[in-house]
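Going by my numbering, the first sequence opens with residue 1, and the numbers climb by one from there.
Ideal placement from N, C-alpha and C gives every residue a C-beta, glycine not left out.
Single-structure report; data block below.
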Amino acid sequence: MVLELQKRLGGAICAVLKQKYGLTVESVPLETPPDLRLGEIATPIALQLARTLRKAPKVIAQEIVTALGQVEGFAGFEVAGAGYINARLDRGAFVKDAAFPARRQKPAIFANVEHTSINPNKAAHIGHLRNAVLGDTWARLLKAESSSPDTVIVQNYIDNTGVQVADVVVGFLHLEKKTVAEVRQLVADCEKRAEASGRPADAIDYYCWDLYARTSQWYGEGTDKEKAARKQLRLDTLHAIEHGGNETAEIADLISTAVLKRHLETMLRLGIEYDFLPRESEILHLKFWDAAFAKLKESGVLYKETQGKNAGCWVMTRPGAETAEGEADEDAKVIVRSNGTVTYVGKDIAYHLWKFHLLEGCEFGDEVFYTYPDGRQCYRSIDNRSVDANGTPYGTGVPVHFKASGADYVFNVIDARQSDAQANVKEALRGMGYVTQADQLRHFTYEMVALTPRCAEELGYAISDEDKEKPYIEVSGRKGFGVKADDLIDKLIAAARAEVDARQAGRGEAERQRIAAQIAIGALRYFMLKVTRNSVIAFDFKDALSFEGETGPYIQYAVVRIRNILRKCEAAAEAVLTEFSALDKGCVARFLSGSENEDIWALWLRAGRRSLVLEQCIAGSEPAFLAKHAFQLAQEFNNFYHRHHILTEEDPERKKFLLATAAVVLRELLIALDWLGIEGPEAM
RNA sequence: GCGCCCGUAGCUCAGCUGGAUAGAGCGACUGACUACGAAUCAGUAGGCCGGGAGUUCGAAUCUCUCCGGGCGCACCA
1 MVLELQKRLG GAICAVLKQK YGLTVESVPL ETPPDLRLGE IATPIALQLA
51 RTLRKAPKVI AQEIVTALGQ VEGFAGFEVA GAGYINARLD RGAFVKDAAF
101 PARRQKPAIF ANVEHTSINP NKAAHIGHLR NAVLGDTWAR LLKAESSSPD
151 TVIVQNYIDN TGVQVADVVV GFLHLEKKTV AEVRQLVADC EKRAEASGRP
201 ADAIDYYCWD LYARTSQWYG EGTDKEKAAR KQLRLDTLHA IEHGGNETAE
251 IADLISTAVL KRHLETMLRL GIEYDFLPRE SEILHLKFWD AAFAKLKESG
301 VLYKETQGKN AGCWVMTRPG AETAEGEADE DAKVIVRSNG TVTYVGKDIA
351 YHLWKFHLLE GCEFGDEVFY TYPDGRQCYR SIDNRSVDAN GTPYGTGVPV
401 HFKASGADYV FNVIDARQSD AQANVKEALR GMGYVTQADQ LRHFTYEMVA
451 LTPRCAEELG YAISDEDKEK PYIEVSGRKG FGVKADDLID KLIAAARAEV
501 DARQAGRGEA ERQRIAAQIA IGALRYFMLK VTRNSVIAFD FKDALSFEGE
551 TGPYIQYAVV RIRNILRKCE AAAEAVLTEF SALDKGCVAR FLSGSENEDI
601 WALWLRAGRR SLVLEQCIAG SEPAFLAKHA FQLAQEFNNF YHRHHILTEE
651 DPERKKFLLA TAAVVLRELL IALDWLGIEG PEAM
């Protein structure tokens with residue numbers, strides 16, 4: 001609504017500038033005036049043109065206003081301040097349209113969003129939650145903005161053959177001296193016990209959390225000789241896992257698969273689902289790397305270093321680096337080690353070539369790994385070449401269902417600490433001549449979640465005096481230092497449940513629990529989304545467990561209030577709006593005029609900003625804008641709720657109008673919440 | 001040393017491609033429930049927007065510089 005009007009006004013002003021001054025302007029800056037009394041849309045264009053036109057801004061503004069004349073949807077224009085052009089909307093027309101907004105034309109977006117990507121060797125923690133919530137919300141926003149939601153694919157990359165998994169395997173084999181059979185039994189026991197108790201602490205990912213921390217500590221203990229031996233053990237274990245076909249790899253597979261399943265369950269509690277789980281084991285076994293390596297060598301992106309510290313390695317020049325003539329580039333990024341093994345960035349380059357369909361003959365085999373309650377299926381990569389014994393080309397899996405999306409845009413939701421690595425992948429693509437793809441590869445970066453010293457102490461961790469002085473302390477899976485995702489969710493649900501029990505004594509056990517979960521998830525997701533990406537979240541239970549003020553539950557509460565009102569008049573939102581649209585336009589305009597009704601107009605105006613906010617979110621890659629919008633809409637509704645009593649309104653036409661106001665806000669709140677991945681409860 | 005991010009009210013954060021009197025939540029203090037359920041609302045106090053210089057008609061926003069904090073810069077991932 002507001003978006004369409006802004007575009008129309010911008011276009012009209014462009015036409016005026018062209019016709020009157022012969023000026024071609026890329027775009028007209030449009031903004032929201034600080035006060036409704038100044039109008040609804042404003043532009044400082046005349047101020048900007050003052051220099052080129054050599055005229056006073058006010059004169060230009062007046063000339064533009066005169067030339068504009070009548071524009072559909074606008075009541076008029078005026079010049080204000082130093083030379084602003086302020087536009088006033090035709091309120092009656094706006095409100096009528098806002099009740100049943102026309103469908104927008106949208107482009108088809110082909111996108112591949114990679115998020116979560118937790119090493120499958122331990123329980124998910126709050127840092128992973130920020131990643132998953134951001135990524136999931138971003139995918140929802142892309143789907144909302146696309147005419148074809150099915151072309152937005154969500155992937156969760158699984159590093160099932162990396163050092164982190166190797167560390168836990170070392171723990172099982174050398175600290176706990178377990179056999180493959182014993183590990184298999186442990187996985188089964190954990191699953192049984194967790195299902196029976198409902199406690200995440202009984203599950204395998206929690207078990208691994210502790211074992212991983214213990215193993216990491218073990219590496220650093222003992223004599224120098226012992227440390228060296230343990231380091232070697234770690235390397236040997238890693239190689240055995242990468243190679244596959246041995247007992248060590250079997251344990252790695254058992255653990256990474258079981259932990260991955262737990263991650264999917266944890267994320268599902270937050271409404272987060274995935275389409276595809278590409279695994280590193282397939283990148284290796286299906287020879288994606290070999291194909292990528294050939295291309296990298298051929299294009300000259302990789303070269304073999306013959307001198308200096310990287311002698312014997314295949315390396316690539318870092319983005320923006322200046323290479324001195326004849327000298328070895330000591331700063332180059334090693335892609336293939338001197339022992340012939342590939343680094344993480346190398347594997348990532350291969351994976352990204354696949355994402356853009358640039359690895360001829362390379363495709364993942366796949367199978368359904370997890371079926372969600374809503375029927376959606378999550379696939380994982382497999383090496384299923386043996387299924388097709390003859391005729392399968394070398395290096396190609398046999399995809400059963402999932403295919404690469406043919407992405408126009410590839411978004412990697414990865415925290416800011418990996419921006420150098422991401423830049424290297426991008427640079428490799430560019431170096432290979434895939435300039436378009438390099439531009440379409442977007443690092444969706446965000447800052448980490450850390451713990452406040454106070455929070456760390458509450459959790460019982462010993463904090464050094466130095467750390468006590470810091471504003472926040474980095475979470476570390478290696479040290480077992482952090483807040484586990486399931487623990488936090490459980491804590492939130494318990495807190496919400498207490499509030500629900502106090503207010504909803506009449507409702508059944510199951511329903512109260514369901515409402516508590518909705519509120520808990522609303523609180524958690526909003527907590528992660530209200531902060532912009534580039535600010536570090538210093539986690540504190542006090543803030544995270546809050547259900548008041550700028551929180552998810554605040555918005556949900558506005559939804560419940562509106563539903564209660566509609567319930568009392570036994571009317572559905574749709575019906576209320578249909579009845580409203582039959583009202584006379586002049587009558588509606590009357591309800592929107594006068595200072596006592598200014599807040600109602602502001603509410604309609606805010607409700608009409610949905611598509612504008614969505615566009616801003618997409619343009620700025622920033623879901624926080626939507627979170628803020630939803631909160632402001634709820635806040636203005638609560639204000640309205642106190643000032644204008646709907647059910648006791650005596651004027652029947654005004655009552656219809658007020659009801660329609662509530663109904664529109666309900667619809668817009670629910671859409672915004674849905675994009676944020678938050679449910680609107682029926683009661684709370 | 002180089003690169004990225006941050007510095008706005010006591011605390012946690014917004015501030016859209018520079019624009020009209022710098023905003024919200026929490027906390028503090030005053031008030032409003034025989035209720036469209038107060039997980040709410042109204043009000044008060046609280047800011048040389050880290051310091052300085054520059055560009056501009058105009059700077060919290062752009063440039064430079066300094067100060068303070070965080071994170072990267074592995075033949076780890």
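Beta bridge counterpart(s) of residue i as assigned by DSSP
i	result
His125	Lys484
Thr43	Ile85
Asp415	Tyr446
Lys333	Met316
Glu111	The residue asked about is misnamed: residue 111 is Ala in this sequence, not Glu. According to DSSP, which records beta bridges pairwise, Ala111 is partnered with Val152 and Tyr409.
Lys479	Beta-bridge pairing links Lys479 to no other residue.
Gln377	Thr371
Ile382	Gly365
Phe539	Leu451
Ala80	Tyr84
Own chain residues within Cβ distance below 8 Å of residue i, not counting five before or after
i	result
Thr215	Asp167, Val168, Val170, Gly171 and Leu175
Glu367	Tyr379, Arg380, Ile382, Asn384 and Val400
Ala572	Leu566
Pro393	With a pLDDT of 49 at Pro393, under the threshold of 50, the modelled position of this residue cannot be trusted; read the value that follows with caution. For Pro393, where only same-chain residues beyond five positions count, the Cβ hits under 8 Å are Gly361.
Val163	Arg234 and Leu238
Leu30	Gln6, Leu9, Gly10, Ile41, Ala42 and Thr43
Close-in-space but distant-in-sequence residues of the same chain around residue i (CB under 6 Å, 5 per side omitted)
i	result
Ala496	Ala516, Ile519 and Ala520
Ser546	none
Tyr274	Val154, Asn156 and Cys378
Residues near residue i in its chain [Cβ-Cβ closer than 7 Å; skip 5 each side]
i	result
Glu598	Leu36
Val152	Ile109, Ala111, Val113, Ala139, Leu142, Lys143 and Ser146
Leu193	It is worth fixing the name first, because residue 193 is Arg in this sequence and not Leu. So the list reads Asp202, once near-sequence residues are dropped.
Ile283	Trp289, Lys347, Ala350 and Tyr351
Phe481	Tyr461 and Val475
Glu457	Ile463
Lys355	Asn112, Ala404, Ala407 and Val410
Ser419	His443 and Thr445
Ala80	Leu38 and Asn86
Leu492	Ala520, Ala523, Leu524 and Leu545
Phe369	Leu277, Cys378, Tyr379 and Arg380
Counted within 10 angstroms of its Cβ, other Cβ atoms place residue i as buried (16 or more) or exposed
i	result
Asn564	exposed
Ala663	buried
Arg610	buried
His74	What sits at residue 74 in the sequence shown is Phe, not His. Buried is the call here.
His693	Residue 693 lies beyond the residue range present for the chain, which begins at 1 and ends at 684; the question has no answer from this structure.
Phe276	buried
Thr116	buried
Gly308	exposed
Gly506	exposed
Ala61	buried
Gly522	buried
Glu26	exposed
Lys468	exposed
Pro623	buried
Thr648	exposed
Gly680	buried
Val259	buried
Asn424	buried
Lys122	buried
Ala294	exposed
### Query
In chain order, which continuous runs of the beta strand (DSSP E) of length 3 or greater are located wholly inside the segment 138-220?
152-155
### Query
What runs of the alpha helix (DSSP H), each 4 residues or longer, lie entirely inside the segment 547-617?
552-568, 573-581, 585-591 and 598-607
### Query
Is the segment 89-99 touching the segment 577-597 in the sense that three or more CB pairs, one from each, lie closer than 8 Å?
yes
#### Entry: the segment 443-451 / the segment 529-539 touching (three or more Cβ pairs under 8 Å)
These segments touch.
### Query
Is the segment 254-266 touching the segment 173-189, taking contact as three or more C-beta pairs under 8 Å?
yes
### Task
Just list the alpha helix (DSSP H) runs in the segment 5-78, keeping only unbroken ones of 4 residues or longer that don't cross its boundaries, in chain order.
Taken in chain order, the complete alpha helix (DSSP H) segments of 4 or more residues contained in the segment 5-78 are 45-53 and 57-68.
### Inter-stretch contact (C-beta, 8 Å, three-pair minimum) for the segment 233-249 and the segment 493-509
no
### Task
Give, in chain order, every unbroken run of the alpha helix (DSSP H) that is at least 4 residues long and sits entirely within the segment 239-285.
As far as the segment 239-285 is concerned, its whole alpha helix (DSSP H) runs of at least 4 residues are 247-269 and 280-285.
### Message
Give the list of continuous beta strand (DSSP E) stretches no shorter than 3 residues that lie fully inside the segment 422-473.
### Response
441-446 and 449-451
### Message
With three or more beta-carbon pairs closer than 8 Å as the criterion, would you say the segment 627-642 touches the segment 555-562?
### Response
yes
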